[in-house]
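Please read the structure below before turning to the comments.
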Amino acid sequence: MPSLISQSEKRRLVIVGAGMAGSKLAHDFEKAHGDEYQIVLIGEESRVGYNRIMLSSLLANDISDTEMPLVDTQKMQEDGVDIVSNDPAIKVDSKNKTILLASGKSIIYDQLVLATGSRASVLPIHGSSAPNVMGFRTWEDVDVMTQLEGRQPVCVIGGGLLGLEAAVGLVKRGHKVVVFHRSNWLLNRQLDEESAGLLLNRLEQMGIEFRLGESPEFFLQTDDGRVSHVVCQNGESLAVNLVVMAAGISPEIALAKAAGLATNRAILVDKQMQTSHADVFALGECCEFDQQTFGLVAPIWTQINVLMKVLVGEEAAFAIEPTPTKLKVSGINLFSVGKIQPSEEDSCILFKDVSANHYRKLVVNDGLLVGAILYGNVADGSWYFQLIQNKTNVSDILDLLVFGEAYCCPQVA
Numbered sequence: 031m032p033s034l035i036s037q038s039e040k041r042r043l044v045i046v047g048a049g050m051a052g053s054k055l056a057h058d059f060e061k062a063h064g065d066e067y068q069i070v071l072i073g074e075e076s077r078v079g080y081n082r083i084m085l086s087s088l089l090a091n092d093i094s095d096t097e098m099p100l101v102d103t104q105k106m107q108e109d110g111v112d113i114v115s116n117d118p119a120i121k122v123d124s125k126n127k128t129i130l131l132a133s134g135k136s137i138i139y140d141q142l143v144l145a146t147g148s149r150a151s152v153l154p155i156h157g158s159s160a161p162n163v164m165g166f167r168t169w170e171d172v173d174v175m176t177q178l179e180g181r182q183p184v185c186v187i188g189g190g191l192l193g194l195e196a197a198v199g200l201v202k203r204g205h206k207v208v209v210f211h212r213s214n215w216l217l218n219r220q221l222d223e224e225s226a227g228l229l230l231n232r233l234e235q236m237g238i239e240f241r242l243g244e245s246p247e248f249f250l251q252t253d254d255g256r257v258s259h260v261v262c263q264n265g266e267s268l269a270v271n272l273v274v275m276a277a278g279i280s281p282e283i284a285l286a287k288a289a290g291l292a293t294n295r296a297i298l299v300d301k302q303m304q305t306s307h308a309d310v311f312a313l314g315e316c317c318e319f320d321q322q323t324f325g326l327v328a329p330i331w332t333q334i335n336v337l338m339k340v341l342v343g344e345e346a347a348f349a350i351e352p353t354p355t356k357l358k359v360s361g362i363n364l365f366s367v368g369k370i371q372p373s374e375e376d377s378c379i380l381f382k383d384v385s386a387n388h389y390r391k392l393v394v395n396d397g398l399l400v401g402a403i404l405y406g407n408v409a410d411g412s413w414y415f416q417l418i419q420n421k422t423n424v425s426d427i428l429d430l431l432v433f434g435e436a437y438c439c440p441q442v443a
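Shown next, in the form of structure tokens:
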């Protein structure tokens with residue numbers, strides 16, 4: 031018979047951060063090693079273990095609150111996971127292996143994982159500290175936006191994935207939305223100018239107004255400190271009731287820096303997700319590996335799989351792989367992966383069907399597909415992604431490649 035381990039004999043794994051990365055690690059690790067480990071999950075939000083990716087769908091009224099959980103926190107607690115919510119960690123003492131919480135409670139650990147995530151970046155615009163200037167990162171942020179009554183003027187700053195998802199959600203709720211974006215086209219990290227133009231036309235048809243190539247000059251505030259107007263670069267003044275900052279994220283590393291961990295833009299980790307301190311690890315948006323930070327789910331899920339093994343002494347190593355991007359807006363299909371702006375050594379294959387609102391751009395280097403943009407029909411996205419991941423030589427199918435898998439790999443009757 032297997033020997034039973036008492037609670038006092040179990041190793042203590044403490045995870046600081048109960049967002050997607052931290053809660054999934056706690057859930058999966060309990061399933062695999064709950065008999066040997068006592069797991070403590072610490073979150074600063076009142077609601078933990080929810081699917082942050084679905085915030086835009088919740089804002090757009092496409093899903094309900096009941097569809098938000100990523101993990102079953104009640105079941106986790108029944109299985110022995112200690113979940114602490116609404117009580118952020120404020121100090122890490124790695125010498126004595128303790129965590130101090132805002133409530134004054136102290137927690138001892140054998141192994142510590144920092145999954146503190148990120149904050150919305152706040153651009154240095156005069157008036158940005160006003161109470162009605164907010165980010166779009168948490169369920170509480172969505173609560174604020176859904177409490178807007180009637181048709182309110184809203185300014186969204188940032189035409190990246192998060193900003194566009196916020197804008198669509200708000201316009202679906204009946205608000206008047208204007209988006210400022212510093213680049214000359216939307217999703218400039220994921221799309222080229224032509225595909226971004228197709229996206230712009232679609233979003234304008236939904237009623238969103240755009241001001242590309244500019245940021246607000248400053249915000250005018252009322253006597254109580256709230257922003258009442260956004261002043262544009264040409265001097266024009268736009269009335270607003272709410273400003274949503276979606277101009278990027280900043281990894282949350284204050285706790286790690288105060289503890290003396292090595293940091294750059296984020297918490298530095300090696301390929302085992304180990305920080306500069308023994309028995310302290312980091313994963314998700316708060317970590318940095320090989321000069322890269324991580325905002326998409328796929329690499330973070332890989333980090334969790336690596337850490338699951340490393341924590342129990344097994345060998346595993348994290349490596350960076352291309353990750354596809356999709357926009358979570360109903361009715362808009364877009365897929366982007368790898369290199370989107372070809373260099374002189376690359377060749378480029380284009381396909382455009384204006385009537386069908388369909389665009390494809392493939393970037394090929396030395397017989398290998400290295401990048402793809404699909405707008406409209408994205409059915410072949412996963413196939414192109416496989417070709418990139420597997421480093422498949424596509425030299426023999428270049429003439430048909432842009433038409434997709436069905437043309438390149440016809441089924442034999």
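In terms of the working numbering, the sequence shown opens at residue 31 and continues consecutively.
We put the beta carbon where it would ideally sit given N, CA and C, even for glycine.
Being a predicted model, the structure only gives us computed values, none of them experimental.
How would you call residue i, buried or exposed, if buried means at least 16 neighbouring beta carbons within 10 angstroms?
| i | result |
| --- | --- |
| Gly397 | exposed |
| Leu34 | Unreliable placement is indicated for Leu34, whose pLDDT of 40 sits below 50; no coordinate value is reported for it. |
| Arg241 | buried |
| Gly255 | exposed |
| Tyr405 | buried |
| Phe21 | No information on residue 21 is available, as it lies outside the stretch 31 to 443 that the chain covers here. |
| Val111 | buried |
| Ser366 | buried |
| Gln220 | buried |
| Gln371 | exposed |
| Ala436 | exposed |
| Gly265 | exposed |
| Lys61 | exposed |
Leaving aside the five residues before and after residue i along the sequence, list all residues of the same chain whose C-beta is less than 8 Å from its C-beta, in chain order.
| i | result |
| --- | --- |
| Ala443 | Note that Ala443 scores a pLDDT of 39, beneath 50, so its modelled location is shaky and nothing firm can be said. |
| Ala288 | Lys121 and Val122 |
| Leu131 | Ile72, Val114, Asp117, Pro118, Ala119, Ile120 and Ile137 |
| Lys54 | Leu100, Val101, Trp331 and Ile334 |
| Gln419 | Glu351 and Pro352 |
| Gly243 | His211, Arg212, Ser213 and Asn214 |
| Arg203 | Leu89, Ala90, Asn91, Met175, Thr176 and Leu178 |
Along the chain, where does the alpha helix (DSSP H) that runs through residue i open and close?
| i | result |
| --- | --- |
| Ala56 | Met50 to His63 |
| Ala312 | No alpha helix (DSSP H) contains Ala312, which is instead part of the beta strand (DSSP E) from Val310 to Ala312. |
| Val199 | A small correction: the amino acid at residue 199 is Gly; Val does not occupy that position in the sequence shown. From DSSP, the alpha helix (DSSP H) with Gly199 extends over Leu191 to Lys202. |
| Gln333 | Val327 to Val340 |
| Ser258 | Segment Val257 to Val261 is the beta strand (DSSP E) holding Ser258; no alpha helix (DSSP H) there. |
| Arg232 | Glu223 to Gln235 |
Ignore the nearest five residues each way along the sequence and tell me which others in residue i's own chain have a CB closer than 6 Å to its CB.
| i | result |
| --- | --- |
| Met292 | Looking at the sequence itself, residue 292 is Ala, so the reference to Met does not match. Excluding residues within five positions, the ones whose Cβ falls inside 6 Å are Leu298 and Ser306. |
| Val408 | Asn363 and Phe365 |
| Val424 | Leu399 and Leu431 |
| Ser267 | His259 and Val261 |
Which residue marks the beginning of the beta strand (DSSP E) containing residue i, and which one marks its end?
| i | result |
| --- | --- |
| Leu286 | According to the sequence displayed, residue 286 carries Ala and not Leu. Looking at the DSSP string, Ala286 is not in any beta strand (DSSP E); the run it does join, the alpha helix (DSSP H), is Ala284 to Ala288. |
| Glu247 | Per DSSP, Glu247 belongs to no beta strand (DSSP E) and is neither H nor E. |
| Ile279 | Ile279 to Pro281 |
| Ser267 | Ser267 to Ala269 |
Less than 7 Å between C-beta atoms, sequence neighbours within five positions excluded: which residues of the same chain meet that for residue i?
| i | result |
| --- | --- |
| Lys40 | Glu66, Tyr67 and Gln68 |
| Ile427 | Cys438 |
Check: At a cut of 8 Å, does the segment 53 to 65 reach the segment 160 to 167 through at least three beta carbon pairs?
Finding: Cβ pair count under 8 Å is below three, so no.
Next item on the list: Evaluate contact between the segment 312 to 319 and the segment 267 to 286, counting only Cβ atoms and requiring at least three cross-stretch pairs below 8 Å.
Entry: In short, these stretches touch, since the Cβ pair count reaches three.
Notebook entry, point to check: At which residue ranges does the segment 135 to 219 contain complete alpha helix (DSSP H) runs of 4 or more residues, listed in the order of the chain?
Noted result: Runs found: 169 to 176 and 191 to 202.
Notebook entry, point to check: Which runs of the alpha helix (DSSP H), 4 residues or longer, sit entirely within the segment 50 to 131?
Noted result: Correct list: 50 to 63, 85 to 89 and 103 to 108.
Notebook entry, point to check: Counting pairs of Cβ atoms below 8 Å between the segment 351 to 366 and the segment 220 to 233, do you hit three or more?
Noted result: Taking 8 Å as the limit for Cβ pairs, the verdict is that the segment 220 to 233 does touch the segment 351 to 366.
Check: Where in the segment 379 to 442 do unbroken runs of the alpha helix (DSSP H), each at least 4 residues long, occur, reported from the N-terminal end onward?
Finding: Counting only runs that start and end inside the segment 379 to 442, the alpha helix (DSSP H) elements of at least 4 residues fall at 411 to 420, 428 to 431 and 435 to 438.
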